[in-house]
Amino acid sequence: MPGPLEGIRVVDLSSMLSGPWATDILGDQGADVIKVEPPGKGDHVRSLPNRSGGMASMFVNVNRSKRSITIDLKSDAGRRLLERLVATADVVVQNFRPGVVERLGIGYDDLRAVNPGLVYLSISGFGEQGPYAGRRVYDPVVQALSGLTTIQAGSDTERPRLVRTILPDKLSAVTAAQAITAALVARGRTGEGQHVRLSMLDAVMAFLWASDMGAYTFVDQPVAPEKAASFIDLIYETADGWMTMSTMSNAEWAAFCRVAGREDLVDDPRFATPAARDANVNERLELVQSILLARTAAEWLEILPAHDVPCAPALRRFELIDHPQVVASGSIIETEHKVAGRLRQARVAARFEGTQVAPPRGAPLLGEHTAEILAELGLDDTERETLLASGAVGPAERELTPTP
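Have a look at this one:
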């Protein structure tokens, strides 16, 4: 089961989440991903909490299906070694701040000289130009600048709110993985590699424009501050718990009204059309909430689907892993990691019938594959020992005893 990206080699110079998860996706789909890390410390994510066997859960989750080599990219010997590795690669991914790779001598122009067919992806926070280009960036900074926090607030007059997950990082990773495969397809037609640039800000703005920036789409129409959305969201309390229900179409609204025993609401002019239901959103959602309190979540979740009304329980994270739909679809897999122990992770999301992917391989120890990769590059024992003695590469992290 080689996976659709078998035969593609990716050199991953990135750290934290956006770059590593992008390359993780490619590795899960069959690419040979070689993670290049600084000797002695590795990716910062290795040091984060929630650990087993000395390995951090976030590192394990965004760096699986990779091999690790440690190289000091600030040394001449380390840079020459990277060039030798890149000569065998199809893709390089980096998320240093703009200008850093050029100062190190490992920018696109430097490495294209070694490998003209190289696809080189650069991830930045804000792009290469402009007043924010050189700034340090973390996910909340992009959420704020992109307008996402005011969308989350519900209106321009409410206090901005963060989305409680690192959405810009994750979205940039998915966008990066897609961009890399697109560039590889183009190379298959033209034989030419290219530099692909992606900023987290651009990734989030493209994401938001699909559904949240309608008022700013038509240039000739006046722009005004966003009016307040409903102060109620679509998470409802029932007699014993929480659930969601959404009635977008007239048929779904009518079906809910009949199930609830409120046929009178079907022809109520406040709710008779999608436009009317939107104009009277607070009244509608307050009414729905009062109705749903009359029965338990289990009752509603049995009755509503029978009438084709979209709904679901509002699961807590510990409930998700045992939900019948998740179990039936095999969305969560369990594997054994030689250091971290038994792992529970999401499966590879895209399922390929013709090029089925193998189960994800466990995330590597720091420098675990350094000797193996150097041997593949044709370095003999003496050359490897010289690199190790100079600090251009580091020793492999020893295996630890799994935590019970």
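The numbering of the sequence shown is the numbering used here, which starts it at -11 and goes up by one. Built from N, CA and C at the ideal position, the CB exists for glycine as well.
If I measure Cβ to Cβ from residue i and keep anything under 6 angstroms in the same chain, skipping five residues before and after, which residues do I get?
i	result
GLU71	VAL102
THR389	Residue confidence for THR389 is low, a pLDDT of 48 falling below 50, so the modelled location carries little weight; the figure read from the coordinates is stated next. Here the set comprises nothing.
GLY7	VAL81, ASN83 and ILE111
VAL381	THR58, ILE59, THR358 and LEU375
GLY66	ILE59, ASP60 and ALA380
ASP31	SER3 and GLU25
LEU362	ARG372
Measure the beta-carbon distance from residue i to residue j and round it to whole angstroms, keeping in mind my assumption that it falls under 8 angstroms.
i	j	result
LEU109	PRO128	Their Cβ separation, rounded to whole angstroms, is 24 angstroms, which puts LEU109 and PRO128 out of contact at 8 angstroms.
GLY379	SER63	7 angstroms
GLY113	MET46	In fact, because the Cβ distance is near 19 angstroms, the residues do not count as touching under 8 angstroms.
ALA159	ALA191	Residue identity differs from the one stated: residue 159 is Leu in this sequence, not Ala. Right, their Cβ atoms sit about 5 angstroms apart.
ALA351	VAL162	With a Cβ gap of about 19 angstroms, ALA351 and VAL162 do not count as contacting.
ALA227	THR153	About 30 angstroms; that fails the 8 angstroms criterion.
GLN182	VAL107	6 angstroms
ILE(-4)	VAL50	ILE(-4) to VAL50, Cβ: 19 angstroms. No contact.
SER53	PRO348	5 angstroms
Could you spell out the range, first to last residue, of the alpha helix (DSSP H) harbouring residue i?
i	result
LEU133	127 to 133
GLN182	No alpha helix (DSSP H) holds GLN182; the beta strand (DSSP E) holding it covers 182 to 187.
TYR96	96 to 100
ILE463	Absent from the model: residue 463. The displayed extent of the chain is -11 to 392, so no value can be given.
SER53	That residue, SER53, is in no alpha helix (DSSP H); it is neither H nor E in DSSP.
ARG67	64 to 74
VAL88	88 to 92
ILE139	136 to 141
LEU14	6 to 16
ILE291	285 to 294
Following the continuous beta strand (DSSP E) through residue i, name the residue where it begins and the one where it ends.
i	result
VAL79	79 to 82
ALA300	299 to 301
ASP20	20 to 25
ILE223	223 to 225
ASP0	-3 to 0
SER110	107 to 112
Leaving out five residues before and five after residue i in sequence, what residues of the same chain have Cβ atoms less than 7 angstroms from its Cβ?
i	result
LEU353	SER56, VAL327, ALA384, GLU385 and GLU387
ALA334	SER319 and ILE320
PRO293	CYS299
Would residue i be called buried (16 or more neighbouring beta carbons within 10 Å of its own) or exposed?
i	result
MET233	buried
PRO224	The sequence shown places Tyr at residue 224, not Pro. Burial call: buried.
PRO392	Its pLDDT being 43, under 50, PRO392 is placed unreliably by the model, and nothing is read from it.
GLY176	exposed
VAL130	buried
THR343	exposed
ILE13	buried
GLU341	exposed
ALA282	exposed
SER134	buried
LYS23	buried
ILE309	exposed
GLY28	exposed
ALA242	buried
LEU(-7)	buried
PRO104	exposed
Ordered along the chain, which non-local residues of its own chain (more than five positions away) have a Cβ less than 8 angstroms from that of residue i?
i	result
ALA302	ILE223, GLY229, TRP230, MET231 and THR232
VAL247	ILE291, LEU292, HIS295 and VAL297
Fill in: Secondary structure, alpha helix (DSSP H): runs of 4+ residues fully inside the stretch 231 to 283
238 to 247, 262 to 267 and 269 to 280
Discussion item. Ignoring anything shorter than 4 residues, give me the alpha helix (DSSP H) runs that lie fully in the stretch 305 to 378, in order along the chain.
Written reply: 305 to 308, 312 to 317, 358 to 364 and 369 to 378
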